[in-house]
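Notes to accompany the following structure.
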Amino acid sequence: GSLPVARLVLDECRRSRGLALPVGGLIVLLAIMPAMLDTQAPLRYRIQSYLGYSLLAMGLLLTFATILVACKTVSDDLRQNQIGDVFVKPVRRSEYLLGKWLGLILLDALAVAATASLTSRNARSSDPATVLMLSTIFR
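Okay, here's the thing in structure tokens:
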């Protein structure tokens with residue numbers, strides 16, 4: 196049903212490196228963002244600004260990446276006539292669309308996990324004051 200189609204989406208995105216550019220850009224942005232924040236502002240405001248901007252950037256880039264990957268996978272299926280191979284088997288159109296959706300959700304979950312771990316690591320620098328501030332903010 197839909198799980199093999201989801202696996203095909205993951206394989207195709209891995210082969211074409213569909214999320215490499217948006218996630219790579221996000222990683223670079225998250226790495227340089229702490230240097231762009233105002234050093235005169237209190238630590239709490241810098242951490243809140245960093246977390247807010249990183250979530251905004253992650254949401255925007257993943258939204259555009261999801262749309263691009265979704266359009267690319269369907270258009271590649273049509274262009275290479277793989278969609279005909281899929282529908283020869285007993286797969287309904289709803290299962291095909293559900294599989295595409297599941298594949299994209301899994302890709303987004305992996306990208307969110309990667310960027311969230313990087314954001315968390317950057318927010319928890321080796322500065323003990325930052326760690327203390329984060330523990331009081333997220334209590």
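249 is the number that my numbering gives to position 54 of the sequence shown; each next residue is one higher, with no gaps. The C-beta atom is built at its ideal place from N, Cα and C for all residues, glycine as well.
Under 7 angstroms Cβ to Cβ from residue i, same chain only, skipping five residues before and after it: list those, please.
i	result
residue 285	none
Could you give the first and the last residue of the continuous alpha helix (DSSP H) run that contains residue i?
i	result
residue 261	238-274
Excluding five sequence neighbours on each side, which residues of the same chain lie with their C-beta closer than 8 angstroms to the C-beta of residue i?
i	result
residue 261	299, 302 and 303
residue 205	298, 301 and 302
For residue i, which of helix, strand or coil comes out of DSSP?
i	result
residue 212	coil
residue 277	helix
residue 297	helix
residue 232	coil
residue 287	coil
Going by the CB atoms, is the gap between residue j and residue i shorter than 8 angstroms?
i	j	result
residue 232	residue 249	no
residue 229	residue 256	no
residue 314	residue 251	no
residue 258	residue 207	no
residue 221	residue 253	yes
Going along the chain, which residues of its own chain have a beta-carbon closer than 6 angstroms to the beta-carbon of residue i, five neighbours each way excluded?
i	result
residue 400	The structure shown does not extend to residue 400, since the chain is modelled only from 196 through 334, so no value can be given for it.
residue 311	none
residue 321	With a pLDDT of only 48 at residue 321, under 50, the local geometry of the prediction cannot be trusted, and no value is derived from it.
Would you say residue i touches the ligand MN, meaning its beta carbon is less than 7 angstroms from a heavy atom?
i	result
residue 223	Of ligands this structure carries none, so the ligand MN is not represented either.
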